[in-house]
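Below is one structure, written out as structure tokens; comments come after it.
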Amino acid sequence: MTRPLWHWSCAAAMVLAVAFGAEAGEIPANERRSDYALMGPELRGMQEDDSANPGMLWVLDGEVLWRRKDGSTGRACADCHGEAAHSMRGVAARYPAFDQTLGRPIDLEGRINACRTKHQRAEPFTFESRELLSLAAYVARQSNGLPISADDDPATLPFVAAGRAIFEQRQGQLNLSCAQCHDDNWGQKLGGATIPQGTQPGTRFIGSSGKVSAHCSGGYVIVWSACARCHMPTAPRR
Amino acid sequence: MRPSRREFLIGSAGIGMASALPASATPAMLEEAIRNVIGEANLQTGKITLEVPPLVENGNTVPVTIIVDSPMSEAEHVKAIHVFNEKNPQPHVISITLGPRAGKARIATRIKLADTQRIVGIAEMSDGSFWTGEASVIVTIAACVEDVK
Amino acid sequence: MARTLINVPTTAKRGDVIEIKTLISHPMESGYRVGTNGTMIPRDIIRQFVCTYNGEDVFRAELSPAIAANPFISFFTVATESGTITFEWRGDNGFAASETAPITVE
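Protein chains in written order, with the numbering used here: chain A, -5 to 232; chain B, 28 to 176; chain C, 8 to 113.
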């Protein structure tokens, strides 16, 4: 099943946001801040405490899935990759990354599914399914505390440019672009919520998967693209 | 002034949503729920504190800490704590049974709030007295009554 | 079996007041949300949480639909003796889960 086009465009936008300094334009490098810094104290407290952070439930599920044999090869992730704490350290921090075979950037979930289809000969997990979120959370957890350094392979440049174009394009019922809030008005309030920057939010949370939203009741593991669902409800899903 | 197309769309969506909403709790339901707990007893203000952020972005996960000032000894302790809300579809939040084995009457949890409202806590003491405290919360994204997307 | 996360100190001194944190995965569907087909999604919540310490109740909570998904409950108890602390959750549609944690009290 092909990944919807808007999804890898979002991945490209993420690459754009983190890979570039002043060239990204609107937010100067020295003003860049993780969503974590703009969070309210209660939400931050929830994220900092592993025993209270609901995202940890997904991480625990992911650990089970890591060891579960699957696909026609009957292999588990652990059979090739061993202990995730060792083999996956730093991995999530450098995604999205350019994939030579596909000829385009791929994000962490895409990489997990690529491994499943190619090496385990298993069905790919549905995007945003519990299994995929859990495995991604578990893998990302192994990069906890590490700085994000998404791929700076020059092959990503055209995708980054495409991502920047989408980021700056007005769309949806409210005729807003991402940049208008997240570049021009970050730190200000939108309906009581502080607007974060367009960079990967929640880096402190379950490693550097950068996938945090307060909109999943209790779940705290939501893909970045879900922002569009509420804030740009009629934006085309390309 | 004629509403713009955008305002009209948002307005009519609001009307459509309102007719589908379940009936929300009223102050009368809250009073009744409290009466069910305390009966004819006198309700004194104090001893129980509800710590909750004054403004939450998302009503689906509101952290609340309930603290009751009590030595939690065999002779003097909290027997039960009840928390109610004002505007959710139903008034109950949580009821907790404690005793001297608790050591400290301090409980933290996360609740759902469907609107900007008060939450009210009632502490029932071992000597039969009832104490109350409350907190107000501004909620920008409502829980319970949103449509599933 | 639902995923749970329990945080209990493994050792304590007799008489210490220890903090216990519990987290369990559960949708806590309130029963007030309208689904994509226009009908109400039925309620599906955890109704009761009980903590026992060597068989004796030390904490009990009755939950309502107003408790957030993946219920988190933290509370305190006195470390009285070594043994086992048990946690039980019961809810709609026959939901039942339990966890235990050992504790050594000097």
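No residue lacks a Cβ here, since even glycine has one placed at the ideal position from N, Cα and C. Being a predicted model, the structure only gives us computed values, none of them experimental.
**Study point:** Rounded distance between the beta-carbons of V89/B and V83/B, thought under 8 Å
**Key:** The residue you call residue 83/B lines up with position 56 of the second sequence. The residue you call residue 89/B lines up with position 62 of the second sequence. Indeed, because the Cβ distance is near 5 Å, the residues count as touching under 8 Å.
Exercise for review: Return yes when the Cβ of L125/B is within less than 9 Å of the Cβ of A107/B, no when it is not.
Suggested key: In the second sequence, residue 107/B corresponds to position 80, counting from 1. In the second sequence, residue 125/B corresponds to position 98, counting from 1. Against a cut-off of 9 Å, the Cβ pair of L125/B and A107/B comes out as a contact.
Check your understanding: Taking 9 Å as the CB-CB limit, is L30/C close to chain A?
Key -> Here residue 30/C corresponds to residue number 23 of the third sequence, with the count starting at 1. Interface residue, yes.
Point to revise | Start-end ranges of the alpha helix (DSSP H) lying completely within the region 27 to 110 of chain A, minimum 4 residues | key: 29 to 32, 35 to 42, 49 to 61, 71 to 75, 78 to 81, 102 to 109
Exercise for review: Run down chain B in chain order and give the residues with a C-beta less than 7 Å from the C-beta of A73/C.
Suggested key: Translated into the one-based positions of the third sequence, residue 73/C becomes position 66. Residues of chain B passing the Cβ test: N112, N115, H119, V120, I138, K139.
**Study point:** CA nearest to the CA of F66/C, picked from I123/B, S153/B, G148/B
**Key:** Walking along the third sequence from the start, residue 66/C turns up at place 59. The shortest C-alpha separation from F66/C is found at I123/B.
**Study point:** Cβ of P49/C within 9 Å of any chain B Cβ
**Key:** Taking the third sequence and counting its residues from 1, the one referred to as residue 49/C is at position 42. No - not a single Cβ of chain B is within 9 Å of the one on P49/C.
Check your understanding: On the three-state DSSP scale, how would you describe F119/A?
Key -> Start at 1 with the first residue of the first sequence, and residue 119/A comes out as number 125. Correct three-state label for F119/A: coil.
Review point. Chain A partners of T167/B, CB-CB under 7 Å?
Key: As a first step, residue 167/B must be located in the second sequence, where it is residue number 140. Those are G185, G186, A187, listed as they occur along chain A.
**Study point:** G56/A vs R135/A beta-carbon contact at 9 Å
**Key:** The residue you call residue 56/A lines up with position 62 of the first sequence. The residue you call residue 135/A lines up with position 141 of the first sequence. Contact flag set, yes.
Exercise for review: Name the two residues that bound the continuous alpha helix (DSSP H) containing G157/A.
Suggested key: Counting from 1 along the first sequence, the entry for residue 157/A is found at position 163. That run of the alpha helix (DSSP H) goes 151 to 162.
Review point. Can you list the residues of chain A that P90/B reaches, using a CB-CB cut of under 9 Å?
Key: The residue you call residue 90/B lines up with position 63 of the second sequence. Residues of chain A passing the Cβ test: E36, L37, G39, M40, A46.
Practice item. Would you mind sorting S207/A into buried or exposed? The rule is 16 or more other CB atoms within 10 Å of its CB. Key: As a position in the first sequence, residue 207/A is number 213, starting the count at 1. For S207/A, the predicted model reports a pLDDT of 33, less than 50, meaning its position is unreliable; a value from the coordinates is still stated below. Under this definition S207/A is a buried residue.
Review point. Skipping 5 residues on each side, what residues in its chain have a beta carbon closer than 7 Å to that of I13/C?
Key: For the purposes of this step, residue 13/C is identified with residue 6 of the third sequence, where counting begins at 1. Cβ neighbours of I13/C beyond the five flanking positions: T29, F94, E106, A108.
Review point. Nearest-angstrom Cα distance between A170/B and V41/C?
Key: Taking the second sequence and counting its residues from 1, the one referred to as residue 170/B is at position 143. Taking the third sequence and counting its residues from 1, the one referred to as residue 41/C is at position 34. In a straight line, the C-alpha of A170/B is about 12 Å away from that of V41/C.
Practice item. Report buried or exposed for P22/A, applying the criterion of at least 16 other Cβ atoms within 10 angstroms of its Cβ. Key: On the first sequence, position 28 is the one that residue 22/A refers to. Under this definition P22/A is an exposed residue.
Check your understanding: Measuring CA to CA, which of S37/C, T111/C, T84/C, R50/C is closest to T59/C?
Key -> By 1-based counting over the third sequence, the position of residue 59/C is 52. T59/C has its Cα closest to that of T84/C, out of S37/C, T111/C, T84/C, R50/C.
Exercise for review: Taking all protein chains shown into account, decide if L126/A is buried (16 or more other Cβ within 10 angstroms of its Cβ) or exposed.
Suggested key: The residue you call residue 126/A lines up with position 132 of the first sequence. Burial call: buried.
Check your understanding: Are at least three pairs of beta-carbons, each pair with one atom in the region 73 to 93 of chain A and one in the region 139 to 147 of chain A, less than 8 Å apart?
Key -> yes
Check your understanding: When burial is assigned at 16 or more other CB atoms within 10 Å of the CB, is L70/C buried or exposed?
Key -> Counted from its first residue, the third sequence places residue 70/C at position 63. With 16 or more other Cβ atoms within 10 Å, it is buried.
Check your understanding: Can you name the residues that DSSP bridges to K183/A?
Key -> In the first sequence, the residue the question calls residue 183/A occupies position 189. Looking at the DSSP output, K183/A bridges to T188/A.
Practice item. Identify the contact partners of A108/C in chain B, using a Cβ-Cβ distance below 8 Å as the criterion. Key: By one-based count along the third sequence, residue 108/C stands at place 101. Result: empty, since nearest Cβ-Cβ is about 16 Å, beyond 8 Å.
Practice item. Would you identify the three-state DSSP class for I75/B, choosing helix, strand or coil? Key: Counting from 1 along the second sequence, the entry for residue 75/B is found at position 48. Here I75/B carries a strand assignment [DSSP, helix/strand/coil].
Point to revise | DSSP bridge partner residues for Q144/B (one or two, in chain order) | key: On the second sequence, residue 144/B is found 117 positions in, with the first residue counted as 1. In the DSSP output, where bridge partners are listed per residue, Q144/B has V164/B.
Review point. Of the residues V95/B, S156/B, N115/B, which one's Cα is nearest the Cα of A129/B?
Key: Along the second sequence, one-based indexing puts residue 129/B at 102. Among V95/B, S156/B, N115/B, the Cα nearest to that of A129/B belongs to V95/B.
Exercise for review: Please go through the same chain and pick out, in chain order, the residues whose beta-carbon is closer than 6 Å to the beta-carbon of A19/C, but skip the five residues on each side of it.
Suggested key: What you label residue 19/C is simply residue 12 of the third sequence in a count that begins at 1. For A19/C, where only same-chain residues beyond five positions count, the Cβ hits under 6 Å are I25, A86, V112.
Check your understanding: Residues in its own chain within less than 7 Å of P34/C by CB, not counting five upstream and five downstream?
Key -> Counting from 1 along the third sequence, the entry for residue 34/C is found at position 27. If we look at P34/C and ignore the five residues flanking it on each side, its Cβ neighbours are D51, A76.
Review point. Are I61/B and S81/C close, meaning C-beta to C-beta below 9 Å?
Key: Position 34 of the second sequence, counted from the first residue, corresponds to residue 61/B. Position 74 of the third sequence, counted from the first residue, corresponds to residue 81/C. The criterion of a C-beta distance shorter than 9 Å is not satisfied by I61/B and S81/C.
Practice item. Tell me P116/B's beta-bridge partners as DSSP assigns them. Key: Locating residue 116/B in the second sequence gives position 89, counting from the first residue. P116/B is not bridged to any residue.
Review point. Of all Cβ atoms in chain A, is any one closer than 9 Å to the Cβ of P49/B?
Key: Walking along the second sequence from the start, residue 49/B turns up at place 22. Only weak support is given to the placement of P49/B: the predicted model assigns it a pLDDT of 47, under 50, and the value that follows is read from those uncertain coordinates. For P49/B, the answer is no, since every Cβ of chain A falls outside 9 Å of its Cβ.
Review point. Just curious, the alpha helix (DSSP H) that Q114/A is in, first and last residue?
Key: Position 120 of the first sequence, counted from the start, is the residue given in the question as residue 114/A. Element bounds for Q114/A: n/a, residue is neither H nor E.
Practice item. Find out if the Cβ-Cβ distance for the pair V110/B, H119/B is shorter than 9 Å. Key: By one-based count along the second sequence, residue 110/B stands at place 83. By one-based count along the second sequence, residue 119/B stands at place 92. Result yes, Cβ atoms of V110/B and H119/B sit closer than 9 Å.
Review point. Can a CB atom of chain A be found closer than 9 Å to the CB of E151/B?
Key: As a working note, residue 151/B is residue 124 in the second sequence. Taking Cβ atoms only, chain A never reaches closer than 9 Å to E151/B, which makes this a no.
Review point. Comparing the C-beta of L51/A with each C-beta of chain C, is any distance below 9 Å?
Key: Along the first sequence, read from residue 1 onward, the residue named residue 51/A stands at position 57. By the rule that beta-carbons nearer than 9 Å mark a contact, L51/A touches chain C.
Practice item. Check each candidate in G38/C, P78/C, T91/C, Y39/C and name the one with the smallest Cα separation from L51/A. Key: If you number the first sequence from 1, residue 51/A lands on position 57. The option with the nearest alpha carbon to L51/A is P78/C.
Exercise for review: Give a yes or no on whether the minimum CB-CB distance between D55/A and chain C is below 9 Å.
Suggested key: Working through the first sequence from its first residue, we reach residue 55/A at position 61. Chain C, which has a Cβ nearer than 9 Å to the Cβ of D55/A, makes this yes.
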